[in-house]
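Residue numbers (our numbering): 17 to 429.
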């Protein structure tokens with residue numbers, strides 16, 4: 017009794033460690049808990065700090081002097097008869113501060129787009145792993161169903177083979193199917209562990225997640241079709257894809273940087289006031305001071321030239337990104353369309369007929385109406401077909417998710 021009670025505790029703990037979650041619930045957990053998103057958010061905060069820093073002017077400078085040695089009275093540090101001080105402030109010319117602030121604000125927009133890029137990428141991983149896990153669970157359920165029957169059948173044949181009632185060849189034939197099913201199960205369980213681990217990292221949930229999708233919901237997702245044709249999807253992608261918008265914003269950013277660097281060639285003013293006790297023309301005189309570098313050459317010429325080349329580089333990168341995005345959208349749409357049409361050819365009645373034939377073969381084999389060769393041939397075919405159908409459904413989901421990632425707006429009915 018104690019062993020049985022202990023086993024029940026273990027089973028209940030395993031069950032409780034699993035958490036049924038819809039895709040929406042996983043998304044909410046992902047947005048709240050994902051550590052990569054939380055870390056990337058600080059990049060926007062740092063960009064805000066850069067804007068704040070760009071608005072700050074140089075501090076005014078204050079300097080002064082006192083007499084070190086009075087040769088007339090032979091006195092050291094004669095502060096009473098000779099001293100002075102001055103205060104100066106650097107005045108930015110040529111719109112330097114305005115350009116620096118504009119560049120810092122542009123950097124924040126880039127940081128926001130980078131955050132959007134990461135969000136889209138991680139959400140794509142979330143959706144992909146969620147549906148991968150869903151279909152792998154269905155494959156495991158189907159494989160376990162076949163294994164349950166085949167293991168019982170194999171045990172019975174081993175008993176009869178030992179008695180000489182059936183040939184060893186028949187036993188080995190059944191054994192090969194059981195080995196194949198077990199090999200399928202090992203591969204499925206390996207995939208399940210990988211997908212569960214990925215979902216834990218993405219959502220921040222430590223328990224194993226069990227996708228909660230009804231059959232009707234799964235059917236609706238598979239039959240959904242995108243708004244518009246290939247050209248319409250390309251247009252939407254160019255309007256919404258964060259990667260492409262980032263490179264476009266990078267062109268504007270590089271232009272603002274070049275403008276800032278150009279303004280650095282304009283000399284700045286140093287304006288101040290000076291008090292002098294006795295060394296000037298008058299005693300206790302107060303003077304206005306103005307200083308400016310002599311612009312004999314452009315002191316920032318190299319950085320300006322470099323910034324202009326960066327503009328041209330980013331413009332070429334934008335052309336490449338546009339072509340690459342349009343090509344990817346076209347390819348992703350064709351892949352989705354091919355898989356959609358392929359799956360659409362398999363009607364619900366075909367799947368129902370497959371299950372009916374499976375049940376019929378089992379029943380007729382038990383009644384002796386089907387030979388072992390016919391039975392094992394069918395079981396091998398059924399095993400492969402069942403796995404292929406689940407892979408086809410999952411492949412269609414992955415292609416739809418990929419299309420969503422590229423277009424990055426609502427495109428499915």
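Glycine included, every Cβ here is placed at the ideal spot set by N, Cα and C.
Exercise. Three-state secondary structure (DSSP) at residue 275?
Worked result: helix
Exercise. Anyone know if the C-beta pair for residue 136 and residue 421 falls short of 8 angstroms?
Worked result: yes
Exercise. Does the segment 103-118 come close enough to the segment 72-82 that 3 or more CB-CB pairs lie under 8 angstroms?
Worked result: yes
Problem set entry | Which listed residue (233, 299, 395 and 344) has its alpha carbon closest to that of residue 249 | 344
Problem set entry | Through-space distance from residue 40 to residue 337, alpha-carbon basis | 31 angstroms
Problem set entry | Beta-carbon contacts of residue 263 that lie in its chain and below 6 angstroms, excluding the five residues immediately before and after | 333, 334 and 337
Exercise. Between the C-alpha atoms of residue 138 and residue 144, what's the straight-line distance to the nearest angstrom?
Worked result: 10 angstroms
For this session: Going by DSSP, name the residue or residues bridged to residue 99.
Result: 82
For this session: Going by DSSP, name the residue or residues bridged to residue 307.
Result: 286
Exercise. In terms of DSSP beta bridges, what is residue 259 paired with?
Worked result: Partner(s): none; residue 259 has no beta bridge.
Exercise. What three-state label does DSSP hand residue 291 in the structure shown?
Worked result: strand
Exercise. Buried or exposed: which applies to residue 375, given that a residue is buried once 16 or more other Cβ atoms fall within 10 Å of its Cβ?
Worked result: exposed
Problem set entry | For residue 347 and residue 373, the rounded distance between their alpha carbons | 38 angstroms
Exercise. In terms of DSSP beta bridges, what is residue 225 paired with?
Worked result: 35
Exercise. When you compare only the Cα positions, how much space is there between residue 214 and residue 366?
Worked result: 34 angstroms
For this session: Pull up the distance between the alpha-carbon of residue 188 and that of residue 371, whole angstroms please.
Result: 26 angstroms
For this session: For the alpha helix (DSSP H) holding residue 386, just list the boundary residues, first then last.
Result: It is not in any alpha helix (DSSP H) - residue 386 carries neither H nor E in the DSSP assignment.
Exercise. When burial is assigned at 16 or more other CB atoms within 10 Å of the CB, is residue 100 buried or exposed?
Worked result: buried
Exercise. From residue 394 to residue 44, what does the alpha carbon distance come to, in whole angstroms?
Worked result: 45 angstroms
For this session: Please determine, among 131, 352, 363 and 97, the residue with the shortest C-alpha to C-alpha distance to residue 63.
Result: 131
Exercise. Excluding the five sequence neighbours on either side, which residues of its own chain have a C-beta within less than 6 angstroms of the C-beta of residue 27, listed in chain order?
Worked result: For residue 27, the predicted model reports a pLDDT of 42, less than 50, meaning its position is unreliable and no value from the coordinates is stated.
Exercise. On the three-pair Cβ rule with 8 angstroms, is the segment 159-167 touching the segment 188-200?
Worked result: yes
Exercise. Looking at the structure shown, is residue 92 part of a helix, part of a strand, or coil, going by DSSP?
Worked result: strand
Exercise. Using the C-alpha atoms, what's the distance from residue 67 back to residue 277?
Worked result: 17 angstroms
Exercise. When the distance is taken between beta carbons, is residue 270 closer than 8 angstroms to residue 326?
Worked result: yes
Problem set entry | Where residue 321 falls: helix, strand or coil (DSSP) | helix
For this session: Flag this pair as yes or no: are the beta carbons of residue 224 and residue 233 separated by less than 8 angstroms?
Result: no
Problem set entry | According to DSSP, residues forming a beta bridge with residue 242 | 428
Exercise. Relative to the alpha-carbon of residue 308, which residue among 288, 406 and 153 has its alpha-carbon at the smallest distance?
Worked result: 288
Exercise. Going by beta carbon distance, what residues of the same chain come within less than 7 angstroms of residue 319, once the five residues before and after it are set aside?
Worked result: 277
Exercise. Hey, how far is the Cα of residue 93 from the Cα of residue 293?
Worked result: 15 angstroms
Problem set entry | Cβ pair residue 256, residue 140 closer than 8 angstroms | no
For this session: Starting from the Cα of residue 102, find the closest Cα among 301, 317 and 349 and give me that residue.
Result: 301
Exercise. If you run the structure through DSSP and keep just helix, strand and coil, what is residue 104?
Worked result: strand
Exercise. Per DSSP, residue 176 is paired with what?
Worked result: According to DSSP, residue 176 bridges with nothing at all.
For this session: Measure how close the beta-carbons of residue 149 and residue 208 come, nearest whole angstrom, since I'm counting them as under 8 angstroms.
Result: 7 angstroms
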